[in-house]
Every structure is written in structure tokens, then in C-alpha cells.
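Residue numbers (full-length UniProt numbering): 1 to 833. C-beta atoms are modelled at their ideal positions from N, C-alpha and C, and glycine is treated no differently. Report on the structure given below.
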Amino acid sequence: MRETFDLQRGWRFHRGDLAIRNVGGVHAERYPRAEWMKAGNLGVSLPGYPDGDWRRLDLPHDFVVEGSFDENSDPTHGSLPAGVGWYRRTFRLEEEDADRRIRLHFEGIYRDSEVWINGHFAGSQRSGFLGFALDVTEACRFGAANAVAVRVDASQPEQWSYEGGGIYRPVRLVKTHRVAVVHDGVWARVDAPDAAAAGPAACRAEARVANASAEPIEATARFLVLDPGGVQIAAGEAAATLPPRGTASLASELGLGSARRWSPADPALHRLVAEVRVGGERVDAVETAFGVRSTRFDAERGFFLNGEPLKIRGVCNHQDHAGVGVAVPAALDRWRLGRLLEMGCNAIRTAHHPPAPALLDLCDELGILVLSEHRQVGASPEHLGQLESLIRRDRNHASVFAWCIGNEEMNVQHTPVGMAQLARMQELCHALDPTRSVTYAMNCGWGEIAKTHDAAGFRLDVYGTNYTCRSHGDVSGEMYDAFHAEFPDWPLLATEAGGSTSWRGVYRHGDRPEGVPFDDSICWHNPGRRGLVSAYGETATPWGCGVEEAWSDCDGRPFLAGTFLWTGFDYRGETYPARWPAVVTGYGLMDLCGFAKDAFHYHRVWWSDEPAIHLFPHWNWPGSDGQPIDVWCYANAASVELRLDGVSLGRREVPRNGHAAWSVPYAAGRLEASAFDAAGDEVATAAIETTGPAAALFLEADRSALAADGGDVLPVTVGALDAQGRRVPTADAEVAFGVEGDARILGVGNGDPCSHEPDRASTRRLFHGLAQLLVGAGDTAGTVRITATAPNLEPAELVVRTTPAPVPRRLPPAEAGADACGRSVAGAVDNAL
């Protein structure tokens, strides 16, 4: 039977390339690099290789985020040097494993990776975002130690934003019978009417089974479907003769009746169990989650889920977070998705590459729709192979509602070559998954490109558009209307919109950071704040617009299926419009830590079905008495009244998807806003007040316990309070953190786009009142004590429980000894380049 082992712990890491790789190999005395001369010749991947001076670490790991900022490094990638890294891991296989197949599963390595085991080349992966599986059986040693070495070359980018470097997603070792389901080999193809009342749902259960023996084998697959409560509701069987060293697909049609539908409101997941039997013996079993739901696009009414129209309120996201870079643990992704749900978001676009499998599992569970994106347009075996891998991996996910086969390929998207490539890719998507629509994110005159495509007889299932720019700074949602008038039968989706930037907590000249140089092409929508990336969100790219315009353009057009705003979170690199010392973008509705900007609250208000309100900026402006302060209020109400210390400053009507504004001469005190509906009834209130100076620190988390599973993560917010216990929005103290108990500090951050403080540290300065500490759980249940201290401030303490939790089955590092040929490779090696 199949056994899966976690290989996250016990790795060794060397940053930089290796001058000598042929330690203990043939011709070692003459050639430092002879791994391609003789089989088994890469000494770095031999069990006894001397790696004592290599760094010990656990995965996931991003080695680029650990570096120092460098003005001469690429600013679009966060001004952090990339480069090459090597990883090593040993493990023991038992004698009885010799009759089994051994596979290594890597979920994500950035990038251009080579994998070697026991001196032998096992395989490679160019993509920095797609996982891969390698059958390494014939290179394994049984009853002895084995070693795997991975070379990672992150020196060349795939994108124009931060991508990190290293083994940043999970690694597993899988032992199977010689007859087993292949990697990503189970598919639950669901056929569901728009509603349960419209008829029964069905599922075609399919398993691709491999035979690693030299003889044909008769195999049977038994399929079981379990409902969300774990009750079996369907079963079926299929049999086939598996060819020698080959594969066969076994499938069965299963009726699901009036199965519970998956939706954002009720993310009900069923499970398909595929069992493989040979000669009556159960030799393998694979279980996968899936959802029973229907999706379709309508050119007049947008997107439909289970027969009901659903406006897509989405954001584009990169995989990047303060403290950890691209090595975002699943527990942290759960927290990030929770922040999006708080904002009212119901969809994400995985820009511009395949997402982590764990992220899709979470979206399935939480009811978040996903536009899953392929990295690059092309019809080569490499491009199509990556697209096939993506679809086979992700097509069971209920959350994935469509495939996006590329983004902004300006060289080819308007040409016959580009159309031919897009057509080939869409054809492959339909062949591998007929249940989902295909789109592509088009920019640069997408209205005219649509005419070119249509005239050539080619159409994507859904036309995807990036921005509504007619010329520099001329942005208008009327482009959507023109498309719909020209092509009334072609579904339309705003795959990317917005494009404004903001920095959390920055409202006036003098707010930190200041004095940053900017790109001359930026559009300042408020000349009074020219030269300032303010939290009002008035700074936009020449092709972009503010959040209010972006959502208004979508909300008022039923034929537009929805929008994906750029972006949900800030990310490193792509600092436009700012230049060095900026190292983080400002596009996010939240900063790099996931702290809300005012743009977050705009969407929280206007994406809510309940009365909601947000008042800003803060009211701490010492030395500004009498100076005008722009006060804005977001409220999904008819009008808002503003009061300062009880005195009315006037009532303003609130335009739909807009805001109310006042210019208020500053005086310390309490600002209060009351929102009223059309009948004049008060429906929501908000208040901000002047605080005293910082007197104490506070620590805050969204839960009081960590799972003691070695993988849970607790994001902890740190800030400052005045003597009356009010949060001080301008505090900037440097805070030192401590953790006691079975837990560790994963990293720190504060959302400052110009901060050059290290992320892998135990100190961080507050930025506009906030910083973040990421605490990773160990395996032992008990308590963890988290402390924060700063000069002249009362310290803070947070005690959290660590509760017993299942830990993954792990394969510990092995004792080394001699290599497979009996050669000792111990000894010191000078391996610096």
C-alpha cells in the first residue's frame, strides 16, 4: 500500500554554486565537474558527502528573502540578489522497500532545478511554480542511507516581480506498489445541472494506473464517493489490462442524485476514493476532494454558479508575505484568505502562475473562487506540458472556475502566431477538462485585438481584459460597453483592473516615508498630493484608475462577469511609481503584512450587504492646529454626517461606490461619523480620536491557540497604546520579540515599502503604528509565551496554547557512511566559488 512521508525537516543548504561537485566520483582527481561523464558521479548527492559546514534548515525556504537589499539589484524583484543554492537531504530505505516504487514529490522550487540522488541525475524542472514527481527507484539503496541533492538556479526571472528562490513548497517521499495510481492521476469529472431540483448530478470517476513491472497485469479500480458527512453515496468499478511499463485509464460512471452543491455560501466537499486491486489484493488507494457544482458564463448576465448569477469580486495575488517571502506556509495562506473574506472578496486570480496546491485546498474549503493561471503562452512541448500538468493537478478543485492560459503577451497576442498558440492551448484545456471555460488576460488595445481575433475566426471562451486604458491616463469603463456592443454574444471578464497605489498610513507630506523619487509617467489624481503615494489612493499608473472607478465600472454592468483588482496584498518589487529606496510595491489593498489600507475598507464597505462604514485618516496631527485635513468616509448609505467633539461639520450625500469628504481644520479631539439610509435612519457609526504619546506595547492575534503539528503559523500584530489604552497610529518604536516554548520566530515585517530591515529577524520598527511577528508551531502541546519590548514603553506579553494535533509522518535524516560503490567521501572540501 501507498505510504507518504513528509520531507520538510532535516535539510542542509549551501548558498552559491559549488566549484567542486565530483567529490568521491570517477575522475575526481582531474575534473571538479564530472557529473555528466559517468553515472552516479555527482558527489554532492552521495550519502557521505561532507556537508558539515552547510546550514541546517527546514522547509519551506526562500533564500533570497534572507539577503540584504542592494541598490544595484533588480528593483522589480525587490532589490534582493538572487542566485544559486544547493540543498541536501539524507534518508534511509529498508530492505523490504526494494519491491516498491519510490517517488519524490516537489510541489514548488524556484527555479530551474536539478534533482540528483545517490550520485545519479533524477530529473529537472524549469518552471519555478509547477510541482513535479520523480520515480527514483532504480537509483535507490535499500537497507542503507540515501541522499538527494537539489540545485536551484534563481538567477534568471520568470516574472517582473519578486519570485524568491529555493525549495519553497513541501517535499514528500512516496512508496507504492509496482501497480499504483500515477501522480495527479485521479479525476472526478462532475456533470451537475444548474440546481439540484433540475435533475441528478453525475460523476465520471477516472484513475490513471501505472504498471512498473515487465509483464502485463490485470487490475481493477473501485471508486467510492463520500458525501460531506462521510457517508458513501455512490460506488463503481472498472477493470483493465495494464501494459508492461505502461499506464491505462480506468473509469466508471457514478450517479450522485441530488448531491449537495458547492458554493461560496456552502463550500460542501465530496470525496472520491480510488482503490486499485491486483488479484483481489488492495495495492493502492488515493483520495481526493471535489465539489458538485455548475459554472457557466453568459454574455448578457455574466457568471453563473449553480444556475444563479454571481458577480466576481476578485483580486490578483502574488505569493509573497513579510518575514517569509515566497515560502508561505499553508497556515499563513489560510490567514491571508481570511483577510480577503473579511473584505468581501469572493475570488482570487493566481497571477501570474500556478498556485500552491495547499492554497487551492483552502479555497475549496473556504468557498473562494479561483482563476487558475498558466505561466506563459506557447505551443512548444515545454509550454503544453506545463499546461497539462497544471490542469491534471487542479481540475478536481471545486474552487477553480476557469483556466487563464496567459497574461499580457504583448509580442504575440494580436498576431497570427499568438492566435495559433492560444487556440492550441485552449484546445488542450478543453480536451483535458471540458467542464471549465478558458480565458486569457489581454492588454494593450484589447478592444481592437478582439476584432482581430474575431475576424480570424478565433475566440477564447471568455474574453479577458486588463485595464481600460485608451491612452496615457485616459481610462474609462466605456471600453467595456464598446466591446459588448461589438460582440454581444461574447462573455467578458475583467481579469485585471485598478492599478492605483497607496502606502498605509501616509496622508500628508511629512509622513514617513518621504523624499522617495518617482517615475515621471505616474498620474497624480490630486495635484495637492503630488509626490506622495498617499493612503487616499490617488496615485495611479498611466493605464490604471482608483479603486472607486475600478469597482464602479464593474458593478454597473451586468454583462461584465466580474473583476480582479490589482492586487489584494502588496508584494516585493515592481515598486512603480517609486524608485530606490522603495523595495515593495504599493498596489495592494493590504500591505505586505496583510494590514488593511483604507482601500481595503472601501471594498469591505461596498462589497457588504449589511450597513458598513469607514472613517479616515487618523486624528493625530500635532503642530497642525487650524490646518485643513481631508477627511473621507466610506459608507454604503445614503448620507453621512461628520461631527468633531459633538459639533456637526455637515452632512454629505454618498454617491454609490464613492465616498463623502470634508476639509476639516485640525483640532485635537474626537471625530464621529454617522451613516443614514434613505429614510433618514442611522445605520452605522465610526469614530477616530486624538491619542496621547505611546506608553505601552500590545500584542494581538486572531486566535488563542496553535496546533502542535510543526506547520501551524500565528501572525501576531504588535503596536503601541497611549496611557488610556488607545492605539497610537503614528508610533514608530523599534520592538524586540521573544518566544518561549516549542515555537519559533519565522519572520517579521511592518508594511513599510521603503524599509531595509531584515525580514528574518527578531526585531522590527513599527510603521505607522504596526508591525507583525510570525510564530511557527513546534510538535509539542503546551504553552508558548510571546514577548515584545521597546525602549521607554511598557512591554507586552501574549500566551497562546499549543494543542495536540496530528503530525505528518516523517522520514528522518539517515546516517551516511560509504556511497553505493563502497567509496568514502568524508573529509573537508573547500567548495567556495
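Contact check, residue i vs residue j, beta carbons under 9 Å
i, j, result
"residue 59", "residue 104", "no"
"residue 118", "residue 40", "yes"
"residue 629", "residue 504", "no"
"residue 330", "residue 369", "no"
"residue 425", "residue 384", "yes"
"residue 205", "residue 193", "no"
"residue 532", "residue 539", "yes"
"residue 751", "residue 565", "no"
"residue 626", "residue 576", "no"
"residue 836", "residue 353", "Since the first and last residues shown for the chain are 1 and 833, residue 836 lies out of range."
"residue 754", "residue 638", "no"
"residue 183", "residue 278", "no"
"residue 68", "residue 758", "yes"
"residue 292", "residue 260", "yes"
"residue 502", "residue 596", "no"
"residue 475", "residue 437", "no"
"residue 497", "residue 563", "yes"
"residue 694", "residue 728", "yes"
Residue i, DSSP secondary structure in three states
i, result
"residue 417", "helix"
"residue 452", "helix"
"residue 46", "coil"
"residue 547", "helix"
"residue 823", "Confidence at residue 823 is low in this model, with a pLDDT of 41, below 50, so its placement is unreliable and the value that follows should be read with caution. It is coil, neither helix nor strand."
"residue 437", "strand"
"residue 611", "coil"
"residue 602", "helix"
"residue 66", "coil"
"residue 391", "helix"
"residue 363", "helix"
"residue 6", "strand"
"residue 298", "strand"
"residue 60", "coil"
"residue 140", "coil"
"residue 521", "coil"
"residue 487", "coil"
"residue 203", "strand"
Backbone CA spacing between residue i and residue j [nearest angstrom]
i, j, result
"residue 24", "residue 811", "26 Å"
"residue 515", "residue 506", "13 Å"
"residue 16", "residue 166", "12 Å"
"residue 156", "residue 83", "8 Å"
"residue 701", "residue 798", "9 Å"
"residue 346", "residue 315", "9 Å"
"residue 914", "residue 654", "The first residue shown for the chain is 1 and the last is 833, placing residue 914 beyond what the model contains."
"residue 76", "residue 573", "4 Å"
"residue 615", "residue 631", "7 Å"
"residue 479", "residue 640", "32 Å"
"residue 55", "residue 14", "6 Å"
"residue 323", "residue 716", "12 Å"
"residue 560", "residue 257", "33 Å"
"residue 212", "residue 389", "21 Å"
"residue 789", "residue 741", "18 Å"
"residue 610", "residue 303", "23 Å"
"residue 399", "residue 405", "17 Å"
"residue 663", "residue 650", "11 Å"
Residue i classed as buried or exposed, judged by whether at least 16 other C-beta atoms fall within 10 angstroms
i, result
"residue 232", "exposed"
"residue 19", "exposed"
"residue 410", "exposed"
"residue 188", "buried"
"residue 549", "buried"
"residue 714", "buried"
"residue 126", "exposed"
"residue 589", "buried"
"residue 605", "buried"
"residue 471", "exposed"
Supposed close pair residue i, residue j - CB separation, criterion 8 Å
i, j, result
"residue 834", "residue 697", "Lying outside 1 to 833, the shown extent of the chain, residue 834 is not represented and no answer is given."
"residue 421", "residue 473", "Rounded, the Cβ-Cβ distance is 32 Å, inconsistent with contact."
"residue 150", "residue 87", "4 Å"
"residue 350", "residue 382", "Not quite, the Cβ-Cβ distance comes to about 20 Å (not below 8 Å), so this is no contact."
Contact with chain C by residue i, beta-carbon distance below 9 Å
i, result
"residue 40", "Among the chains in the structure shown there is no chain C, since it carries only a single protein chain."
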